[in-house]
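A.B. asks:
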Amino acid sequence: MGYVLAMEELLGQLEDLEIEVDAVFLPTGSAGTQAGVLVGAKALDFAGQIVGISVASDARSVRERLSGLAPATARLLGLEVGFEERDFVVYDDYIGGGYGVLGPAEREAIRTVARTEGVLLDPVYTGRAMAGLLDLIGQGIVQPGQNILFWHTGGTSALFAYTQGLLGTPG
Numbered sequence: 005m006g007y008v009l010a011m012e013e014l015l016g017q018l019e020d021l022e023i024e025v026d027a028v029f030l031p032t033g034s035a036g037t038q039a040g041v042l043v044g045a046k047a048l049d050f051a052g053q054i055v056g057i058s059v060a061s062d063a064r065s066v067r068e069r070l071s072g073l074a075p076a077t078a079r080l081l082g083l084e085v086g087f088e089e090r091d092f093v094v095y096d097d098y099i100g101g102g103y104g105v106l107g108p109a110e111r112e113a114i115r116t117v118a119r120t121e122g123v124l125l126d127p128v129y130t131g132r133a134m135a136g137l138l139d140l141i142g143q144g145i146v147q148p149g150q151n152i153l154f155w156h157t158g159g160t161s162a163l164f165a166y167t168q169g170l171l172g173t174p175g
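Residue numbering for the sequence shown follows the numbering used here, starting at 5 and increasing by one per position.
Put into structure tokens, the structure is as follows:
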């Protein structure tokens, strides 16, 4: 439910800054974060897509969880919003070696974003989701000119557990 309110805050900030966003990309595991963001987006008439990059499960399983969690969250909050199958956007091409397994794509995404933006991503969630987003840009699925917001869900303290894999130094 916290992410419903977080989406309200985000949309208020975007409005204040006069920024339009075509899609919000975020990591999705148990689907709770994506469900909350989606409920907030629907309740507040956000026109863009909410796109989850799965960190562990196949897209079908995540969509099934979303199709239960999102309406249940809306009901719990007394919101009358409807959901369609097309609302549950999930990519599962970036699971790699499995949950918590640092692969080359995550490693490169973490290094690139740290080097170019000064933002630290974690190897389990945000690093994997950013690797997926960068690949979708490379494939042309995310088009030039689209305004994409990447939702950083935290977890950077996990970097310490992956020191050797990220830097090639003893952990």
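We put the beta carbon where it would ideally sit given N, CA and C, even for glycine.
How would you label residue 96, buried or exposed, when you count the other beta carbons within 10 angstroms and need 16 or more for buried?
C.D. replies: For the purposes of this step, residue 96 is taken as the residue at position 92 of the sequence shown. By the 10 Å Cβ count, residue 96 comes out buried.
A.B. asks: Just reading off the alpha helix (DSSP H) that residue 38 is part of, what are its end residues?
C.D. replies: Counting from one through the sequence shown, the residue named residue 38 turns up at place 34. Where residue 38 is concerned, the enclosing alpha helix (DSSP H) stretches over 36 to 47.
A.B. asks: Once you ignore the five residues that flank residue 113 on each side, which residues in its own chain have a CB closer than 7 angstroms to its CB?
C.D. replies: Taking the first residue of the sequence shown as 1, we reach residue 113 at position 109. Closer than 7 angstroms at the Cβ level, and outside the excluded window around residue 113, lie 125, 131, 134, 135, 138.
A.B. asks: So, helix, strand or coil for residue 63, using DSSP?
C.D. replies: Locating residue 63 in the sequence shown gives position 59, counting from the first residue. In the structure shown, residue 63 sits in a helix (DSSP, three-state: H, G or I).
A.B. asks: Quick check on the burial criterion: 16 or more other C-beta atoms within 10 angstroms. Buried or exposed for residue 120?
C.D. replies: To locate residue 120, count along the sequence shown from 1; it is residue 116. Answer is exposed; the Cβ neighbour count stays below 16.
A.B. asks: Exposed or buried, which one is residue 14 when buried takes at least 16 other CB atoms within 10 Å?
C.D. replies: Looking up residue 14 in the sequence shown gives position 10. Label assigned to residue 14: buried.
A.B. asks: What does a CB cutoff of less than 6 angstroms around residue 27 pick up in its chain, not counting 5 residues either side in sequence?
C.D. replies: Position 23 of the sequence shown, counted from the start, is the residue given in the question as residue 27. Once the five neighbours on either side are set aside, the close Cβ partners of residue 27 are 52, 53, 55, 152.
A.B. asks: If you check the beta carbons only, do residue 155 and residue 70 fall under 7 angstroms apart?
C.D. replies: Working through the sequence shown from its first residue, we reach residue 155 at position 151. Working through the sequence shown from its first residue, we reach residue 70 at position 66. Cβ distance not < 7 angstroms, so residue 155 and residue 70 don't count as in contact.
A.B. asks: Give me the Cα-Cα distance between residue 116 and residue 108, rounded to the nearest whole angstrom.
C.D. replies: The residue you call residue 116 lines up with position 112 of the sequence shown. The residue you call residue 108 lines up with position 104 of the sequence shown. Taking the straight line from one Cα to the other gives about 12 angstroms.
A.B. asks: With burial defined as no fewer than 16 other Cβ atoms inside 10 Å of the residue's Cβ, what is the status of residue 110: buried or exposed?
C.D. replies: For this step, residue 110 is matched to residue 106 along the sequence shown. Buried: at least 16 other Cβ atoms inside 10 Å.
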